[in-house]
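A short write-up of the structure that comes next.
Written out as structure tokens, the structure is:
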């Protein structure tokens, strides 16, 4: 069994997967702001649900900059330089735990379920903030492991601002006073697509992925702005820079959970091959 943990700014989702990829039980609880309380609650939930079951590996997703189990910085939570790897290593005695950035895990999950695996795919989650992960040849690209694409500085409305400050789900609510789900005006979505395009116009010539996958809560409404975004990028990109295929995530709001599963599955496969 693979236990997956998707830590969000407001809620944490603990799920289990069989090795066949079928999701089992799930438990959700509010994410504590205090890291000590988070560790306590997570141990209680995982211990009570899975301690007496055959768990092979635990994969924990956290939204932030992570280095060898240490959360250096977390955008939606006040966590800085916290060694969760050490504090959670005995959550289930003898069971290994891996800690990775949530967007990078989402990138892995969404890439693995494509009909054919592209050489390179960029996953971009547009939710409260903006995050992303690059997958090359079916694996998380370690060269961009600590990147935070939502924090690319860009000029917008006469000021230098980070991308997510004017193109994220939170920014949409701030500007239009509506959640993405409530916006139906094509004119408004065209404006939002323009905001989104600013970051992509930097990323595409730099990384040149074969596929861009858009997920997150705003990704759920991809069909409302997809054509506007593609047209804007096609118009503004230099003619020698090819516009990648841009698609919607299959699991816009569950991509992280599936990414955790594939990460754990890869670990178990490599462990088996090493025997």
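Residue numbers (this note's numbering): 632 to 906.
Even glycine gets a Cβ: it sits at the ideal position worked out from N, Cα and C.
When secondary structure is reduced to three states using DSSP, residue 716 falls in the helix class. Taking a contact to require three or more Cβ pairs closer than 8 Å, the region 851 to 865 and the region 695 to 702 do not qualify as touching. Residue 781 sits away from residue 800, with the two beta carbons spaced by 8 Å or more.
With respect to the C-alpha of residue 670, the residue from 679, 632, 748 and 718 having the closest C-alpha is 718. DSSP places residue 820 in the uninterrupted alpha helix (DSSP H) bounded by 817 to 838. About 14 Å separates the beta carbon of residue 636 from that of residue 708, a gap too long to meet the 8 Å contact definition. Ranked by Cα distance from residue 655, the first of 644, 809 and 785 is 644. When Cβ pairs closer than 8 Å are counted between the two stretches, the region 738 to 750 is seen to touch the region 835 to 848, the count reaching three or more. Shown here, residue 786 sits in a strand according to DSSP, grouped into three states. Counting only residues of its own chain and dropping the five nearest sequence neighbours on each side, residue 750 has a CB closer than 6 Å to the CB of 841. At the C-beta level, residue 738 and residue 771 come within 8 Å of one another. Close CB contacts of residue 787 within its chain, under the 7 Å cut and outside five residues either way in sequence, are with 797 and 829 (chain order). In this structure, the beta-carbon distance from residue 694 to residue 665 does not fall below 8 Å. The beta-bridge partner set that DSSP reports for residue 643 consists of 638 and 660.
The beta carbon of residue 672 is closer than 7 Å to those of 660 and 663 in its chain, skipping five residues each way along the sequence. In the three-state DSSP reduction, residue 760 falls in the coil class, being neither helix nor strand. Taking 8 Å as the cut-off, the beta carbon of residue 860 is found no closer than this to the beta carbon of residue 874. Only residues of its own chain outside the window of five on either side were considered, and among them 760, 761 and 781 have a CB closer than 6 Å to the CB of residue 795, listed in chain order.
Within the region 693 to 748, the complete beta strand (DSSP E) segments of 3 residues or longer fall at 695 to 698, 701 to 705 and 728 to 732, listed in chain order. Boundaries of the alpha helix (DSSP H) harbouring residue 849: 847 to 850, taken from the DSSP string. In this structure residue 634 is in contact with residue 677, their Cβ atoms being roughly 7 Å apart against a cut-off of 8 Å. Counting of Cβ neighbours within 10 angstroms places residue 880 among the buried residues, the total reaching 16 or more. The beta carbons of residue 736 and residue 753 sit no closer together than 8 Å. Linking residue 680 to residue 705 through their CA atoms gives a straight-line distance of about 27 Å. For the options 811, 723, 825 and 721, the alpha carbon positioned closest to that of residue 847 is the one of 811.
Excluding the 5 residues flanking it on each side, residue 838 has same chain C-beta neighbours closer than 7 Å at 753 and 765, in chain order. Looking at the DSSP output, residue 767 shares a beta bridge with 751 and 770. Residue 807 and residue 815 do not touch by the CB rule: their CB atoms are close to 11 Å apart, not below 8 Å. Going by DSSP, residue 903 is part of the alpha helix (DSSP H) stretching over 886 to 905.
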